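Trainee: Right, I'll just put the structure down here and ask away after.
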Amino acid sequence: MEKKHNGWEAPGTMVLVFLLFFWIAFLYFGNWVTLSQAWGMR
Amino acid sequence: MAAVATPTVFSGSRNEYRVCPVTTLKVDVAAERLIIWNAVTAIVALTLGGTYALLIGLTRWPDVHLLSAPWFYRLLTAHGMNMLVFWMVFFEAAGLYFGACILLNARLVGVKLAWVAYALMLVGAVMVNYIILAGEADVMFSAYPPLEASPLFYIGYILFAVGAILVCCIFIATILVAKKEGRYQGSMPLAVYGLLTAAIIALFTLGSGAVALIPTLLWRLGVIAGIDPGFYRVTFWGFGHSAQQVNLSAMIAIWYSLGTLTVGSKPVNEKLSRTAFVLYILFINLGSMHHLLVDPGLESVTKFFNTSYAMYLAVLGSLIHAYSIPAAIETAMREKGYNKGLFGWLLNAPWKEPGFSSLMLSLFIFGFIGGPTGVVLGAGQLNLLAHNTWRITGHFHATVVGGTTLAFMGFTYYVIPLVFRRPLFAKALVRWQPWVYGAGMILLSVSMTLAGTFGAPRRHWDVTFTNAIIPVQLPSLMNLMLTFAGIGTLLAVTGGIMYVVVCVGSLFMPKREARSLNPLEA
Amino acid sequence: MAEESKSNQQEEQVTLGQKLFDNVWVLLAAGLLTPTVLYIVWSLFNIANIK
Amino acid sequence: MAIYSPERGWWKPLGREEKLWVSVAAVWCVFMFFMLFGWAYLGPQNLPGGQQAKRTTPAQYKVLADAFVAKYKIGEEGATKVPVVEPKAEKEIYLTAQKWQWTPILILESGKMYNLHISSLDVQHGFSVQPININLQILPGYDFIVEFTPTTKGEYSLICNEFCSIGHHLMTGRITVK
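Those protein sequences? They're chains D, E, R and P, same order as listed.
Just remember that my numbering sits 51 ahead of the position in the first sequence, which is counted from 1.
Just remember that my numbering sits 9 ahead of the position in the second sequence, which is counted from 1.
Just remember that my numbering sits 3 ahead of the position in the third sequence, which is counted from 1.
Just remember that my numbering sits 224 ahead of the position in the fourth sequence, which is counted from 1.
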């Protein structure tokens with residue numbers, strides 16, 4: 052782990068996983084919006 | 010743990026070994042033979058399942074609508090069994106023997122029993138295929154009672170499962186004996202740890218399957234009067250969904266292995282990766298509840314706790330792997346000097362190498378399509394909008410096909426030169442195979458997901474409802490998505506044919522020792 | 004003999020967490036028990052309680 | 225080297241980046257878990273709970289459903305004379321799944337709360353309302369009671385989305401909301 056990039060071990064991966072995180076959050080909340088069109092079930 | 014490991018390699022062992030010239034790993038010849046037979050059988054099952062996939066894919070393409078209704082349902086049943094069970098488990102059996110024996114420098118415990126297991130699985134698989142094609146088990150993979158299949162179908166299913174249980178036990182016995190005999194020092198390699206995770210999950214899976222299927226067989230034989238469909242659903246999905254978690258763990262073990270084989274990556278933190286596997290062992294099987302979210306009779310708390318894998322701890326495991334695998338590749342590439350900018354390591358990665366491209370495509374498809382759709386579908390209230398629609402099918406084609414199958418395919422390109430000891434056939438084809446297959450799977454799974462959001466049901470021959478008594482019209486956008494899914498099927502089947510051509514062709518190449526780790530140069 | 008005591012010493016240095024993670028039996032028991040209790044038993048209990 | 229044994233003591237603290245990502249992931253996981261319960265209060269639509277089901281048998285259920293149809297029937301439709309039912313001033317309404325038809329055709333009032341009973345007389349079926357895409361699993365022997373309020377007017381199709389043997393794709397039905 053000697054060669055670090057601006058003090059980060061794997062900065063590219065960090066960017067990728069945060070992209071993944073925002074993608075999951077987008078899908079999650081995006082799908083909740085569709086619920087409001089449905090019939091009220093209890 | 011307290012016992013002192015004494016290095017008594019070879020002593021008192023009847024097993025023969027050879028040493029691999031490329032990896033310098035010691036290979037138990039008896040295990041190698043089992044690996045070869047299980048892997049070849051897996052590819053036969055994949056070929057059968059792929060043929061059925063083409064036919065049912067062309068049937069769900071509205072403008073083609075190839076098969077008749079009975080044959081559509083029949084081949085859909087056969088497709089599910091061959092792909093989800095036979096292809097996966099035969100390949101995993103090969104993988105477990107590989108992990109336990111070759112990676113641990115160990116001898117296979119119970120070679121004869123391993124052949125018995127293979128025979129049981131083979132007989133079970135042949136019986137199930139035969140009885141389905143004979144038209145006596147049009148019940149789908151899930152075979153929900155009171156739908157009736159021939160007793161031979163359940164007997165085949167159970168024989169296969171018993172064989173698979175034996176494989177897991179032999180695997181665990183082999184690693185325990187390897188430790189005792191001092192074949193490896195300290196902890197087992199991470200890849201074997203992942204396979205151990207898969208084997209433990211598999212034991213729960215197969216046990217649950219037995220609890221579901223044995224009473225069903227007794228009912229079909231007339232021993233008991235009936236079987237409660239709710240009981241069957243709980244126990245069957247303890248098998249049906251957990252079996253996919255076995256595939257997941259095996260796939261991740263293969264991801265780590267392929268990272269090492271292709272770019273020489275080293276796990277960034279062993280504790281982190283192993284913790285993720287332990288989270289799988291503990292919680293991932295609770296995910297079977299995903300199938301029961303809109304079932305009658307289960308309390309909301311039961312549903313929420315189980316579908317969330319106890320506070321999404323198994324999802325946390327997956328998110329850890331999603332970081333630690335690319336991070337390991339990145340650090341390995343940076344150490345090789347590809348240090349330019351944020352993504353220089355990624356641009357200069359060996360994309361032409363089939364093991365690497367399969368690994369990255371599999372990571373992408375599982376990580377960005379399969380996994381996230383699973384998290385969304387697993388939220389109870391959202392599942393109400395998706396249960397039994399083609400969204401579900403889209404989700405698991407992104408996980409178990411675009412993810413697991415693609416990873417297994419990439420791994421095969423290493424197994425052929427190193428274990429079969431034959432050079433790859435048609436290397437130009439090998440380079441493109443993961444890309445064609447991956448592209449087809451992305452198109453297929455995304456189209457399925459979107460068609461499902463427009464209401465397309467799964468396991469359905471005619472979404473135009475032409476002969477139904479009360480006419481139904483689903484949105485026209487759904488038809489467009491069904492067409493895209495058809496095109497995706499064609500593309501994926503093309504990739505599948507390329508894979509089978511390479512594998513079968515390689516079997517007829519002259520036998521020789523591998524000359525390099527890179528499968529294109531071996 | 005010297006080697007043996009050395010490896011003994013190393014064994015001592017390994018943390019409890021690592022020992023647990025390396026123990027196949029612990030993993031096996033955990034992997035079979037948690038889903039059986041939380042998923043199978045709990046779900047079947049729910050179903051059995053329907054009136 | 226994932227295919228070789230690690231160094232002896234691999235139980236090491238996480239690096240800075242690992243810590244960052246694991247914390248973000250863990251917070252998100254806990255958030256999603258509590259939101260499962262949170263949405264039950266915030267969301268407009270929920271899963272039917274465990275007490276919303278009763279044990280029955282196909283024969284018992286058929287008696288209840290037939291009585292309901294006979295009481296509120298206002299017409300018939302299609303070649304097989306599927307009954308059309310308008311349950312005025314009735315809260316408990318019955319829907320039957322049987323190979324390969326949803327019976328009866330229901331005419332409901334918008335904004336009124338119903339207890340919709342659904343069960344199967346033969347194999348498992350998939351209750352699926354289109355185009356709003358609400359889906360439930362229907363089992364024989366279980367009287368599934370879904371408390372719901374149709375909020376939008378129009379004609380809604382019912383299809384079956386659980387494989388129920390060879391005529392599965394013929395199984396349809398309708399709910400009209402007035």
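In this text, a Cβ means the ideal position worked out from N, Cα and C, and glycines have one as well.
Just so it is clear, the structure is predicted and the values come from calculations on it, not from any experiment.
1) Within the 8 Å Cβ cut-off, does S297 of chain E reach chain R?
2) Tell me whether L93 of chain E is buried or exposed, calling it buried when 16 or more other Cβ atoms sit within 10 Å of its Cβ.
3) Any contact between the stretch 440-456 of chain E and the stretch 360-372 of chain E? By contact I mean 3 or more CB pairs, one from each, below 8 Å.
4) Taking 8 Å as the cut-off, decide whether the C-beta atoms of L230 of chain E and P160 of chain E are in contact.
5) Just the chain P side, please: which residues come within less than 7 Å of V68 of chain D by C-beta, in chain order?
6) Taking buried to mean at least 16 other C-beta atoms within 10 Å of its own C-beta, is K188 of chain E buried or exposed?
7) For the beta strand (DSSP E) that contains G397 of chain P, what are its first and last residues?
8) Which of the residues in the stretch 353-372 of chain P, read from start to end, lie with their CB under 7 Å from any CB of chain E?
9) Give the secondary structure of W70 of chain E by DSSP, where H, G and I count as helix, E and B as strand, and everything else as coil.
10) Under the rule that 16 or more other beta-carbon atoms within 10 Å means buried, what is D304 of chain E, buried or exposed?
11) Check the Cβ-Cβ distances between Y285 of chain P and every residue of chain E, and say whether any is below 8 Å.
12) Would you say G233 of chain P lies against chain R (beta-carbon separation less than 8 Å)?
13) Pick helix, strand or coil for C388 of chain P, following the three-state DSSP scheme.
14) Cβ closer than 7 Å: which chain E residues qualify as neighbours of G63 of chain D?
15) What's the gap between the Cα of E60 of chain D and the Cα of T56 of chain E?
16) To be precise: take each residue of the stretch 268-298 of chain P, compare its Cβ to all Cβ atoms of chain R, and keep it if any distance is under 7 Å. Which residues remain?
17) Would E222 of chain P pass as an interface residue toward chain D - the criterion being a Cβ-Cβ separation below 8 Å?
18) Nearest-angstrom Cα distance between A416 of chain E and A331 of chain E?
19) Using a beta-carbon distance below 8 Å, is W90 of chain D in contact with chain P?
20) How would you list, in chain order, the residues of chain R whose beta-carbon sits under 7 Å from the beta-carbon of E41 of chain E?
21) What residues in its chain sit with their C-beta under 8 Å from that of P528 of chain E, if we drop five residues either side in the sequence?
22) Pick helix, strand or coil for P381 of chain E, following the three-state DSSP scheme.
23) The beta strand (DSSP E) that contains V306 of chain P, what's its start and end?
24) Can you pull the chain R residues whose beta carbon is under 8 Å from the beta carbon of V105 of chain E, in chain order?
25) So what does DSSP say about S274 of chain E, is it helix, strand or coil?
26) Just tell me which of E:H74, E:L85, E:T183, E:T86 has its CA closest to the CA of L122 of chain E.
27) For the alpha helix (DSSP H) that K436 of chain E lies in, which residues bound it at each end?
28) Mind checking which residues open and close the beta strand (DSSP E) that includes K297 of chain P?
29) Residues of chain P with CB closer than 8 Å to the CB of F72 of chain D, please, in chain order.
30) Taking Cβ positions, are K280 of chain P and G365 of chain P nearer each other than 8 Å?
31) Using a C-beta cutoff of 8 Å, does R27 of chain E count as contacting chain R?
32) I want to verify the contact list: residues of chain E whose CB lies under 7 Å from the CB of L47 of chain R, in sequence order.
33) Which term fits P519 of chain E, buried or exposed, when burial requires 16 or more other beta carbons within 10 angstroms of its beta carbon?
34) The alpha helix (DSSP H) with K278 of chain P in it runs from where to where?
35) Does chain P have any CB closer than 8 Å to the CB of T533 of chain E?
36) Going along the chain, which residues of the stretch 300-331 of chain E sit with their C-beta nearer than 8 Å to a C-beta in chain D?
Mentor: So, to answer that:
1) On the second sequence, position 288 is the one that residue 297 of chain E refers to. Answer yes: the Cβ-Cβ gap between S297 of chain E and chain R drops below 8 Å somewhere.
2) For the purposes of this step, residue 93 of chain E is identified with residue 84 of the second sequence, where counting begins at 1. It counts as buried.
3) yes
4) Residue 230 of chain E sits at position 221 when you count from the first residue of the second sequence. Residue 160 of chain E sits at position 151 when you count from the first residue of the second sequence. Contact: yes.
5) Taking the first sequence and counting its residues from 1, one reaches residue 68 of chain D at position 17. Residues of chain P passing the Cβ test: W245.
6) Within the second sequence, the letter at position 179 stands for residue 188 of chain E. Buried: at least 16 other Cβ atoms inside 10 Å.
7) For this step, residue 397 of chain P is matched to residue 173 along the fourth sequence. 396-401 is the span of the beta strand (DSSP E), which, as asked, contains G397 of chain P.
8) Q354, P355, N357, I358, N359, L360, Q361, L363, P364, G365, Y366, F368
9) Locating residue 70 of chain E in the second sequence gives position 61, counting from the first residue. Residue state, collapsed to three classes: coil.
10) Start at 1 with the first residue of the second sequence, and residue 304 of chain E comes out as number 295. Label assigned to D304 of chain E: buried.
11) Your numbering for residue 285 of chain P matches position 61 in the fourth sequence. Answer no: the Cβ-Cβ gap between Y285 of chain P and chain E never drops below 8 Å.
12) In the fourth sequence, the residue the question calls residue 233 of chain P occupies position 9. G233 of chain P counts as touching chain R.
13) Taking the fourth sequence and counting its residues from 1, one reaches residue 388 of chain P at position 164. In this structure, C388 of chain P counts as coil in the three-state DSSP scheme.
14) The residue given as residue 63 of chain D occupies position 12 in the first sequence. Here the neighbours are E339, L351, F352, W354, L355.
15) Taking the first sequence and counting its residues from 1, the one referred to as residue 60 of chain D is at position 9. Taking the second sequence and counting its residues from 1, the one referred to as residue 56 of chain E is at position 47. Roughly 43 Å separates the two Cα atoms.
16) G274, A277, K278, R279
17) Coverage of chain P is limited to positions 225 through 402, which leaves residue 222 of chain P absent and any answer about it impossible.
18) On the second sequence, residue 416 of chain E is found 407 positions in, with the first residue counted as 1. On the second sequence, residue 331 of chain E is found 322 positions in, with the first residue counted as 1. Cα to Cα, A416 of chain E sits roughly 15 Å from A331 of chain E.
19) As a first step, residue 90 of chain D must be located in the first sequence, where it is residue number 39. W90 of chain D counts as touching chain P.
20) If you number the second sequence from 1, residue 41 of chain E lands on position 32. None at all; the shortest Cβ gap to chain R is about 24 Å.
21) Taking the second sequence and counting its residues from 1, the one referred to as residue 528 of chain E is at position 519. Correct list, in chain order: E362, P363, G364, Y422, Y423, I425, P426, L433, V439.
22) Numbered from its first residue, the second sequence carries residue 381 of chain E at position 372. Three-state DSSP puts P381 of chain E in a helix.
23) Translated into the one-based positions of the fourth sequence, residue 306 of chain P becomes position 82. Start and end: 306-309.
24) Position 96 of the second sequence, counting from 1, holds the residue named residue 105 of chain E. Per the sequence shown, the amino acid found at residue 105 of chain E is Leu instead of Val. Going along chain R, no residue has its Cβ under 8 Å from L105 of chain E, so there is no contact; the nearest lies around 14 Å.
25) Your numbering for residue 274 of chain E matches position 265 in the second sequence. Correct three-state label for S274 of chain E: coil.
26) Counted from its first residue, the second sequence places residue 122 of chain E at position 113. L122 of chain E has its Cα closest to that of E:T183, out of E:H74, E:L85, E:T183, E:T86.
27) Position 427 of the second sequence, counted from the first residue, corresponds to residue 436 of chain E. 436-462 is the span of the alpha helix (DSSP H), which, as asked, contains K436 of chain E.
28) Against the fourth sequence, residue 297 of chain P aligns to sequence position 73. Residues 297-301.
29) Taking the first residue of the first sequence as position 1, residue 72 of chain D is located at position 21. Neighbours of F72 of chain D on chain P, chain order: V248, A249, W252.
30) Counted from its first residue, the fourth sequence places residue 280 of chain P at position 56. Counted from its first residue, the fourth sequence places residue 365 of chain P at position 141. Looking at the sequence shown, residue 280 of chain P is not Lys but Thr. Contact flag set, yes.
31) Position 18 of the second sequence, counted from the start, is the residue given in the question as residue 27 of chain E. No, no contact with chain R.
32) Translated into positions along the third sequence, residue 47 of chain R becomes position 44. In chain order: F240, V243.
33) Within the second sequence, numbered from 1, the residue matching residue 519 of chain E stands at position 510. So P519 of chain E ends up on the exposed side.
34) As a working mapping, residue 278 of chain P is identified with position 54 in the fourth sequence. Per DSSP, K278 of chain P belongs to no alpha helix (DSSP H); it is in the beta strand (DSSP E), 277-279.
35) Outside the modelled stretch of chain E, which goes from 10 to 531, sits residue 533 of chain E, for which no answer is possible.
36) L328, A331
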